[in-house]
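Colleague: Under this note's numbering, the letters of the sequence shown match residues 142 to 265, in that order.
Backbone N, C-alpha and C define an ideal beta-carbon position, used for all residues, glycine too.
Sending over a structure as structure tokens; questions will come in a sec.
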Amino acid sequence: CTVGENVLPGVLEKTVQGKQIGSRSLEVRHLQENENPRGCHLLFIAGRDKKRAAAILAGLNSAPVLTVGETDDFVQHGGMIGFSFLENKIRFDINLNAAQRANLKISARLLLLAKTVIGDGRQG
142 CTVGENVLPG
152 VLEKTVQGKQ
162 IGSRSLEVRH
172 LQENENPRGC
182 HLLFIAGRDK
192 KRAAAILAGL
202 NSAPVLTVGE
212 TDDFVQHGGM
222 IGFSFLENKI
232 RFDINLNAAQ
242 RANLKISARL
252 LLLAKTVIGD
262 GRQG
């Protein structure tokens, strides 16, 4: 699912069209402003609106939805994977504690590629 600006209409849909993970077909949903994202497996929060991103993340609480965003400090505000540009390259940070609260596991290989990892995955 996506929330926010759709800067390349149709590109994501064409990319996943006909693709499957196991026996399940991939589907892209663009959520309306007040639509509940709890039925999504992955939620990309587009745009730079920190307040909106914070409200969406708070509403998900510990729902098992992988949250990905591009706002500054996305992972510091409870998002799981936050993209940023550094030296003309796309980099990402991971909030391991947020993923664990949602009962999601981030692969060790992905953790090694992250610019920054917040938390050690242990709660408490």
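Measuring alpha carbon to alpha carbon, tell me which of 164, 184, 161 ends up nearest residue 173.
Modeller: Taking the sequence shown and counting its residues from 1, the one referred to as residue 173 is at position 32. Looking at the Cα atoms, 184 is the closest of the given residues.
Colleague: Report yes if the C-beta distance between residue 198 and residue 179 is below 8 angstroms; otherwise report no.
Modeller: Along the sequence shown, read from residue 1 onward, the residue named residue 198 stands at position 57. Along the sequence shown, read from residue 1 onward, the residue named residue 179 stands at position 38. No. Outside cutoff.
Colleague: Output the boundary residues of the beta strand (DSSP E) element that contains residue 257.
Modeller: Here residue 257 is taken as the residue at index 116 of the sequence shown, counted from 1. Element bounds for residue 257: 257–259.
Colleague: Kindly list the residues whose CB is nearer than 6 angstroms to the CB of residue 260, restricted to its own chain and excluding five residues on each side of it in sequence; keep chain order.
Modeller: Taking the sequence shown and counting its residues from 1, the one referred to as residue 260 is at position 119. Contacts found: 237, 238.
Colleague: Tell me the DSSP secondary structure of residue 160 in three-state form.
Modeller: What you label residue 160 is simply residue 19 of the sequence shown in a count that begins at 1. Reduced to three states, the DSSP call for residue 160 is coil.
Colleague: Relative to the C-alpha of residue 208, which residue among 228, 230, 229, 242 is closest?
Modeller: Stepping through the sequence shown from its first residue, residue 208 is reached at position 67. Comparing Cα-Cα distances from residue 208 to each of 228, 230, 229, 242, the minimum goes to 242.
Colleague: Alpha helix (DSSP H) containing residue 232: first to last residue?
Modeller: Within the sequence shown, the letter at position 91 stands for residue 232. No alpha helix (DSSP H) holds residue 232; the beta strand (DSSP E) holding it covers 230–236.
Colleague: State buried or exposed for residue 211, treating a residue as buried only when at least 16 other CB atoms are found within 10 Å of its CB.
Modeller: As a working mapping, residue 211 is identified with position 70 in the sequence shown. So residue 211 ends up on the buried side.
Colleague: Going by DSSP, name the residue or residues bridged to residue 209.
Modeller: In the sequence shown, the residue the question calls residue 209 occupies position 68. In DSSP, residue 209 forms a bridge with 185, 222.
Colleague: Confirm, please, whether the CB-CB distance from residue 206 to residue 234 is below 8 angstroms.
Modeller: Translated into positions along the sequence shown, residue 234 becomes position 93. Translated into positions along the sequence shown, residue 206 becomes position 65. No, Cβ-Cβ distance for residue 234 and residue 206 is not below 8 angstroms.
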